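**Student:** Okay, so the sequence shown: first residue is 1336 according to our numbering, each after it adds one.
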Amino acid sequence: MRVLLIYYTGTYNTRYLSNQIKEKFISNGDTVDTVEITSTTKIVDTFSYDLIGFSYPIYGFNSPLPFNKYIRKLKFKENQKYFIYKNSGEVLAMNNASSRILIRIMKRQKAKLIGEYHYVMPYNIHFPFERDFIRQIFIYNKKLLEIMFYNFKNNRVFRIKSNIIYDIGAFFVGIQKIGGNINSFLYTVDKNKCINCNRCVNICPHENIYSKNGRIKFHHHCDMCMRCSFYCPTNAINIGFLQGWKVNGDYHLKEIENDTSSLTPYITKDSKGFYKCFINYFKWIDEEFLKISQ
């Protein structure tokens, strides 16, 4: 089977997840190609693929604008099978509505959705995730990966249910539609911290950052992916009105994935506040994984 994975990634969480899914397909004997969406990504011919996977980080309960813009340019054959493997740092119910634009685009081209799955990846904004929390997340991501492939193999279609309230709410919360452009006027770089390594210039997926006379400057077509501020080696970038939520520093996900030391569950039945939303999510994954393991 020929598989195509099309994804947009901000701080590389979605790339990391896509690579895991790619490896799983390859281990099953499938051929896999990948397309990572940036401002210079060429339009891909999809007609030779048996299955297409789409992925994106959820931004404000929505799919990112660069992802939507790229997908709208693509053409698909009738009855093209596709699946969605989105990700975010939380499993709030309004995230259920995030794929509505993609599903609408694919429906117009008479494509066939065979599954939608929501993986968890650590925040690149708001606050950093603790290492043991990420380790527990990865355990459940692996279980969800097995569930997803079991469903593929057995022609079981799983869809994440949304409703009109979630759809309307996600539409109005879609801050990225104008927020990135406006906020980019507030971006600054601390000249006392900046070492002029130009890493932010080189890694920006939309060529929004440039260097002039030894100073880092910003255009005004930012999509707020947080890649520049997250990976700045000296934490020199101020991200405007989001500065209080900034997260800086590579999580080193591969290292965390390979950590085999003992782990005390970070999320338990007694988890409170923000972490409470994961209780039922992890429980559902455990129940589904048990079903396919028997």
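We put the CB at the ideal spot given by N, CA and C, even for glycine.
Just so we're clear, the structure is a prediction, and the values are computed from it rather than from any experiment.
If you reduce the DSSP assignment to three classes, tell me which class His-1378 lands in.
**Tutor:** His is not the amino acid found at residue 1378; the sequence shown has Ile there. DSSP places Ile-1378 in coil when its eight states are reduced to three.
**Student:** As a quick exercise: from His-1461, Lys-1445, Gly-1450, Phe-1553, pick the residue whose alpha carbon is nearest that of Ser-1434.
**Tutor:** Of His-1461, Lys-1445, Gly-1450, Phe-1553, the residue nearest in Cα terms is Gly-1450.
**Student:** Phe-1382: buried (16+ other C-beta within 10 angstroms of its C-beta) or exposed?
**Tutor:** Burial call: exposed.
**Student:** Suppose contacts are defined by Cβ-Cβ distances below 7 Å. Is Gly-1608 in contact with Cys-1557 by that definition?
**Tutor:** Against a cut-off of 7 Å, the Cβ pair of Cys-1557 and Gly-1608 comes out as no contact.
**Student:** Would you give the residue range spanned by the alpha helix (DSSP H) that Gly-1504 belongs to?
**Tutor:** Its alpha helix (DSSP H) spans residues 1499-1508.
**Student:** Provide the residue(s) that pair with Tyr-1545 in DSSP beta bridges, ordered along the chain.
**Tutor:** BP columns for Tyr-1545 point to Lys-1552.
**Student:** According to DSSP, is Gly-1514 part of a helix, a strand, or is it coil?
**Tutor:** Correct three-state label for Gly-1514: helix.
**Student:** Thinking C-beta only, is Gly-1388 closer than 7 Å to Tyr-1420?
**Tutor:** Yes, these two residues count as a Cβ contact at 7 Å.
**Student:** With DSSP run on the structure shown, which of helix, strand or coil describes Ile-1472?
**Tutor:** The answer is helix: DSSP assigns Ile-1472 an H, G or I state.
**Student:** Could you tell me which of Ser-1423, Asn-1518, Asn-1431, Cys-1535 sits nearest to Phe-1493, measuring between CA atoms?
**Tutor:** Ranking Ser-1423, Asn-1518, Asn-1431, Cys-1535 by Cα distance to Phe-1493 puts Asn-1431 first.
**Student:** Between Gly-1575 and the rest of its own chain, which residues show a CB-CB distance below 6 Å, the 5 nearest in sequence each way excluded?
**Tutor:** Hits under 6 Å: Asn-1518, Leu-1521, Tyr-1522.
**Student:** At a cut of 8 Å, does the segment 1405-1416 reach the segment 1357-1364 through at least three beta carbon pairs?
**Tutor:** Taking 8 Å as the limit for Cβ pairs, the verdict is that the segment 1357-1364 does not touch the segment 1405-1416.
**Student:** Out of Met-1561, Lys-1526, Glu-1542, Asn-1537, point me to the one whose CA is closest to Gly-1549's CA.
**Tutor:** Residue Lys-1526 is the option with its Cα nearest to Gly-1549.
**Student:** Is Lys-1581 buried or exposed, if buried means 16 or more other CB atoms sit within 10 Å of its CB?
**Tutor:** By the 10 Å Cβ count, Lys-1581 comes out buried.
**Student:** For Pro-1540, does the count of other Cβ atoms within 10 angstroms reach 16, so buried, or fall short, so exposed?
**Tutor:** It counts as buried.
**Student:** Leaving out the 5 sequence neighbours to the left and right, which residues in its chain are closer than 6 Å to Asn-1403 when beta-carbon positions are compared?
**Tutor:** Result list for Asn-1403: Ile-1436, in chain order.
**Student:** How far does the beta strand (DSSP E) with Phe-1418 in it extend, from its first residue to its last?
**Tutor:** Counting along the chain, the beta strand (DSSP E) containing Phe-1418 begins and ends at 1416-1423.
**Student:** Just to confirm before moving on: does the CB-CB distance between Arg-1470 and Leu-1598 stay below 7 Å?
**Tutor:** In contact: Arg-1470 and Leu-1598 (Cβ atoms closer than 7 Å).
**Student:** Flag this pair as yes or no: are the beta carbons of Tyr-1342 and Ser-1390 separated by less than 7 Å?
**Tutor:** Result yes, Cβ atoms of Tyr-1342 and Ser-1390 sit closer than 7 Å.
**Student:** What is the rounded straight-line gap between the Cα of Thr-1366 and the Cα of Tyr-1417?
**Tutor:** In a straight line, the C-alpha of Thr-1366 is about 15 Å away from that of Tyr-1417.
**Student:** Using the rule of at least 16 other Cβ atoms within 10 Å of the residue's Cβ for burial, across every protein chain shown, is Ser-1628 buried or exposed?
**Tutor:** Exposed: under 16 other Cβ atoms inside 10 Å.
**Student:** Residues bridged to Pro-1392 by DSSP?
**Tutor:** Beta-bridge pairing links Pro-1392 to Asn-1422.
**Student:** By Cβ distance below 6 Å, which residues in the same chain neighbour Asp-1380 in space, the five residues on each side in sequence not counted?
**Tutor:** Cβ neighbours of Asp-1380 beyond the five flanking positions: none.
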